[in-house]
Amino acid sequence: MDIEIRNPWHPDDAKHYTTDRMRNDFLIQNLFTPNKVRLVYSHVDRIIVGGICPADEVLKLEAGHELGVDYFLERRELGLINVGGEGTVILDGEEFVLGHKDGLYAGMGIKEVAFKSTDPANPAKFYMNSTPAHRKCPTVKITLEMANKRPLGSLEECNKRTINQYIHPAVCESCQLSMGMTALDVGSNWNTMPCHTHERRMEVYFYFELGEEDVVFHMMGEPQETRHIVMRNEEAVISPSWSIHSGVGTKNYTFIWGMAGENQTFDDMDDVAMKDLR
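Quick note, the sequence shown lines up with residues 4 to 281 if you use my numbering.
Set out below in structure tokens:
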């Protein structure tokens, strides 16, 4: 199991970053390698972003030296959404079968976490977010149908989309983690614009359902010091609380968002007027 450490950033420093530095610090690539667990530990709210792709092996989630505990969920909670073929998550011996776009919330205190695929030729791809927790919440499997749905935008504004809230107070209990999936309609390519920040929470985006020749220009930075990162299929990006997080693609796409911080109030946002963007 590979855990990469990412240190935090001050917005005054990020103003001077080159393209390579932006990509090196904020972009997360190569999340899904067959029979590998890939984790990135960000010191921004200590979120862990991961990709788990069991092919013909059973993969285990272990704590490692970086967490300083005996097992991964000793002081953490976990959310994941399967973006690949059917697979199974095993939590202390109990099995949860997840189809494409099924999600799962696992609470603090579970000692053994393992993953396997139903068909090695079409392996599961478990995209994962994990945050520190101070209390145990019940484990819940969340299908796309169970997610709380919020339609937003319009075709005229190129941003018609549906927000599917998976780990959210309207769906299941969690300690601090929030997680969901936003799908853009055909003919729409903008997400989260007009944009916002939320000082009380950080966020991670994971873009998928893009073709080989498609990209998303992910917008970030302070509202008056915007930058962009060119992103491709199945890549994630870390967004500190001071940064906007919007994107525009060469076609419609889907992305998974995960948040950690002071609250779980989805609409607690500091909106940015379009005239103030630079």
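Virtual Cβ for every residue (Gly too), placed ideally from N, Cα, C.
It should be emphasised that the depicted structure is a prediction, and the values quoted were computed from it without experimental measurement.
Next on the checklist: Measuring alpha carbon to alpha carbon, tell me which residue in M262, T121 and K114 is nearest R49.
Outcome noted: Position 46 of the sequence shown, counted from the first residue, corresponds to residue 49. Of M262, T121 and K114, the smallest CA-CA separation from R49 is found for M262.
Checklist entry - In angstroms, rounded to a whole number, what distance separates the CA positions of D271 and P14? => result Position 268 of the sequence shown holds residue 271. Position 11 of the sequence shown holds residue 14. Those two C-alpha atoms are separated by around 21 Å.
Checklist entry - When the Cα atoms are used, what is the spatial distance from L187 to E159? => result The residue given as residue 187 occupies position 184 in the sequence shown. The residue given as residue 159 occupies position 156 in the sequence shown. Their backbone Cα atoms lie some 13 Å apart in a straight line.
Item to check | Coil, strand or helix - E202 by DSSP | outcome: Within the sequence shown, the letter at position 199 stands for residue 202. In the three-state scheme derived from DSSP, where H, G and I count as helix and E and B as strand, E202 is classed as coil.
Checklist entry - Quick one, which of A173, T165, V40 and E215 has its alpha-carbon nearest W193's? => result Stepping through the sequence shown from its first residue, residue 193 is reached at position 190. Of the candidates A173, T165, V40 and E215, the residue whose Cα lies closest to the Cα of W193 is T165.
Item to check | Enclosing alpha helix (DSSP H) for N10 [first to last residue] | outcome: One-based indexing of the sequence shown puts residue 10 at position 7. For N10, there is no enclosing alpha helix (DSSP H), as DSSP marks it with neither H nor E.
Checklist entry - Which class does R235 belong to by DSSP, given the choice of helix, strand or coil? => result As a first step, residue 235 is located in the sequence shown; it is residue number 232 there, counting from the start. R235: coil per DSSP, three-state reduction.
Next on the checklist: In whole angstroms, give me the CA-to-CA distance for Y20 and S242.
Outcome noted: Taking the sequence shown and counting its residues from 1, the one referred to as residue 20 is at position 17. Taking the sequence shown and counting its residues from 1, the one referred to as residue 242 is at position 239. Per the coordinates, the alpha-carbon of Y20 lies some 15 Å from the alpha-carbon of S242.
Checklist entry - How about R79 and S133: are their beta carbons less than 7 Å apart? => result The residue you call residue 79 lines up with position 76 of the sequence shown. The residue you call residue 133 lines up with position 130 of the sequence shown. Yes. Within cutoff.
Next on the checklist: Please classify M277 as buried or exposed, where buried requires at least 16 neighbouring CB atoms within 10 angstroms.
Outcome noted: As a first step, residue 277 is located in the sequence shown; it is residue number 274 there, counting from the start. In the assembly as shown, M277 is an exposed residue. Its beta-carbon has fewer than 16 other beta-carbons within 10 Å.
Next on the checklist: Assuming the contact rule is C-beta atoms closer than 8 Å, A117 and L62 should be a hit. Round their C-beta distance to whole Å, please.
Outcome noted: For the purposes of this step, residue 117 is identified with residue 114 of the sequence shown, where counting begins at 1. For the purposes of this step, residue 62 is identified with residue 59 of the sequence shown, where counting begins at 1. The Cβ separation is near 7 Å, so the contact holds.
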